[in-house]
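Q:
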Amino acid sequence: MRFDQRHLLGIEPLRPDEITTLLDLSDKYVSLNRARDKRSSTLSGLTQINMFFENSTRTQASFELAGKRMGADVMNMSMQASSIKKGETLIDTAMTLNAMHPDLLVVRHPHSGAVDLLAQKVNCAVINAGDGRHEHPTQALLDALTIRRAKGRLHRLSIAICGDIAHSRVARSNIMLLGKMENRIRLVGPATLMPSGVAELGCEVYEDMNEGLKDVDVVMMLRLQKERMDGGFIPSEREYYHRYGLDAEKLARAKPDAIVMHPGPMNRGVEIDGTLADDINRSVIQEQVEMGVAVRMAVMDLLARNLRARPKEVMA
Ligand code: NCD
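Be aware that the sequence shown starts at -8, since it is given in my numbering, and climbs by one per residue.
Pasting the structure below:
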């Protein structure tokens, strides 16, 4: 079992065997989380600080629960979007926190690259909980765990990632992870919601959803990220739903046992039909949330082992 990372800033630096190590350990935490007594002492004595400069429900809650179940001292800093004054402020905040000797810092920030920058300034392990449109590694890992448990494997699957790919860090991290594990990835959506340089991503691109979903094993829907749009990316939500909203009819193009995923939060009736999202025979959206806690426990466990193996750095 090898995991050589000091931080988890993205999927990009991970090797396939490190991803497998993480997912195998996550499976163990799924069992622990289903037990009556969920406590472990893996992180006891360590301090975890959650810094969310952007709103979050499930990601923040699951990092908090994960830390508490493993015995860390967990603190949530509430960072109001209005207090972000970029560059200096972020670094100043990091230095202030660093002086309090945290061991694990979980950071979400609206600017791509902000979490990497912060990681260069502190002595603790940093986990990226989503930075701008860049990466959201724990989301891709929890999606991978959900797929592996539902399909029995994480390679040679045909996976359609659908909708607002241009604005999505979830899509970027998933494309990297699923690509490293040798799956076939299709990107499905209107040309206006495809990222620039889409041709270099090594995926098949479809504008027609009925074609894009044909015979896939997994349908991953994305939220229409209206807060990141500043112009006319889509004609209207009604038209968007008609062409790209997942309903039973479009899903019938996929394999009969294809699973439906969504990272949340969902816009019901915009990118996905509400009844389908709740259909426990097709949708694994609740499993994704459950896997989220286990994956975050595994990530913090492995980073803490590496932290403990290093001689303690003395601050300058
Ligand atoms: C995603 C995010 O914040 O990137 N949500 C999440 O973490 N579950 C996706 C989104 O906001 O649409």
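Here a beta-carbon is modelled for each residue, glycine too, at the ideal position from N, C-alpha and C.
If the criterion is Cβ atoms closer than 7 Å, does the pair H253 and M200 meet it?
A: On the sequence shown, residue 253 is found 262 positions in, with the first residue counted as 1. On the sequence shown, residue 200 is found 209 positions in, with the first residue counted as 1. Not closer than 7 Å, so no.
Q: Is any heavy atom of the ligand NCD found at a distance shorter than 6 Å from the C-beta of G121?
A: Within the sequence shown, numbered from 1, the residue matching residue 121 stands at position 130. Answer for G121: yes, Cβ within range of the ligand NCD.
Q: By alpha-carbon positions, which one of Q111, L298, I152 ends up nearest to L237?
A: Residue mapping note: residue 237 aligns to position 246 of the sequence shown, counting from 1. If we check each option's Cα against that of L237, I152 comes out closest.
Q: Suppose contacts are defined by Cβ-Cβ distances below 7 Å. Is V97 in contact with N41 by that definition?
A: Numbered from 1 along the sequence shown, position 106 holds the residue referred to as residue 97. Numbered from 1 along the sequence shown, position 50 holds the residue referred to as residue 41. Cβ atoms of V97 and N41: closer than 7 Å.
Q: In this structure, does DSSP put H146 in helix, strand or coil?
A: Counted from its first residue, the sequence shown places residue 146 at position 155. Here H146 sits in coil by DSSP.
Q: Measure the C-alpha to C-alpha separation of S53 and M61 and round it to an integer number of angstroms.
A: Here residue 53 refers to the residue found at position 62 of the sequence shown. Here residue 61 refers to the residue found at position 70 of the sequence shown. Taking the straight line joining both Cα atoms gives about 12 Å.
Q: For E45, name the three-state secondary structure that DSSP assigns.
A: Taking the first residue of the sequence shown as 1, we reach residue 45 at position 54. Coil, per DSSP.
Q: Which residues in the same chain have their Cβ closer than 7 Å to the Cβ of S274, if we skip the five residues on either side of it in sequence?
A: For the purposes of this step, residue 274 is identified with residue 283 of the sequence shown, where counting begins at 1. Closer than 7 Å at the Cβ level, and outside the excluded window around S274, lie V251, L267, A268.
Q: For L192 and G36, I'd like the C-alpha separation in whole angstroms.
A: As a first step, residue 192 is located in the sequence shown; it is residue number 201 there, counting from the start. As a first step, residue 36 is located in the sequence shown; it is residue number 45 there, counting from the start. The straight-line gap from Cα to Cα measures roughly 42 Å.
Q: Ignore the nearest five residues each way along the sequence and tell me which others in A157's own chain have a CB closer than 7 Å to its CB.
A: Position 166 of the sequence shown, counting from 1, holds the residue named residue 157. Closer than 7 Å at the Cβ level, and outside the excluded window around A157, lie L184, M185, P186.
Q: Buried or exposed for R311, going by 16 or more other Cβ atoms inside 10 Å?
A: In the structure displayed, the chain extends from -8 to 307; residue 311 sits before or after that span and is not available.
Q: Over what stretch of residues does the alpha helix (DSSP H) that includes R299 continue unbroken?
A: Here residue 299 is taken as the residue at index 308 of the sequence shown, counted from 1. Per DSSP, R299 belongs to the alpha helix (DSSP H) from 276 to 300.
Q: Classify G188 as buried or exposed, calling it buried when 16 or more other Cβ atoms lie within 10 Å of its own Cβ.
A: In the sequence shown, residue 188 corresponds to position 197, counting from 1. G188 should be labelled exposed.
Q: Are the beta-carbon atoms of V284 and N24 separated by less than 7 Å?
A: Within the sequence shown, residue 284 is the residue found at index 293, counting from 1. Within the sequence shown, residue 24 is the residue found at index 33, counting from 1. In this structure, N24 lies closer than 7 Å to V284 by Cβ.
Q: Measure the C-alpha to C-alpha separation of T38 and I150 and round it to an integer number of angstroms.
A: Translated into the one-based positions of the sequence shown, residue 38 becomes position 47. Translated into the one-based positions of the sequence shown, residue 150 becomes position 159. Cα to Cα, T38 sits roughly 38 Å from I150.
Q: Report whether the distance from the Cβ of G255 to the nearest heavy atom of the ligand NCD is below 6 Å.
A: Numbered from 1 along the sequence shown, position 264 holds the residue referred to as residue 255. Yes - the ligand NCD has a heavy atom lying nearer than 6 Å to the Cβ of G255.
Q: So the candidates are Y235, Y197, G203, V209; which of them puts its Cα closest to the Cα of L215?
A: To locate residue 215, count along the sequence shown from 1; it is residue 224. It is Y235 whose Cα lies nearest to the Cα of L215.
Q: Per DSSP, which one or two residues make a beta bridge with S69?
A: Locating residue 69 in the sequence shown gives position 78, where the first residue counts as 1. Answer is F43, bridged to S69.
Q: Under the assumption that A239 contacts D206 (Cβ atoms under 8 Å), give the Cβ distance between them as a whole number of angstroms.
A: For the purposes of this step, residue 239 is taken as residue 248 along the sequence shown, with counting starting at 1. For the purposes of this step, residue 206 is taken as residue 215 along the sequence shown, with counting starting at 1. Their Cβ separation, rounded to whole angstroms, is 17 Å, which puts A239 and D206 out of contact at 8 Å.
Q: Note the first and the last residue of the continuous alpha helix (DSSP H) segment covering D18.
A: As a first step, residue 18 must be located in the sequence shown, where it is residue number 27. Where D18 is concerned, the enclosing alpha helix (DSSP H) stretches over 7 to 25.
Q: Taking the alpha carbon of R124 as the reference point, which residue from G104, A135, K142 has its own alpha carbon closest?
A: Here residue 124 refers to the residue found at position 133 of the sequence shown. It is G104 whose Cα lies nearest to the Cα of R124.
Q: Taking the runs of the alpha helix (DSSP H) that are 4 residues or longer, which of them lie wholly in the region 103 to 191?
A: Here the runs fully enclosed are 105 to 110, 128 to 142, 160 to 171.
Q: Starting from L267, follow the alpha helix (DSSP H) in both directions and report where the run begins and ends.
A: Reading the sequence shown from its first residue, position 276 is the one you call residue 267. Note, L267: alpha helix (DSSP H), 265 to 268.
Q: Within the present structure, is the beta-carbon of V251 separated from the nearest heavy atom of the ligand NCD by less than 6 Å?
A: Numbered from 1 along the sequence shown, position 260 holds the residue referred to as residue 251. No, Cβ of V251 sits at least 6 Å from all heavy atoms of the ligand NCD.
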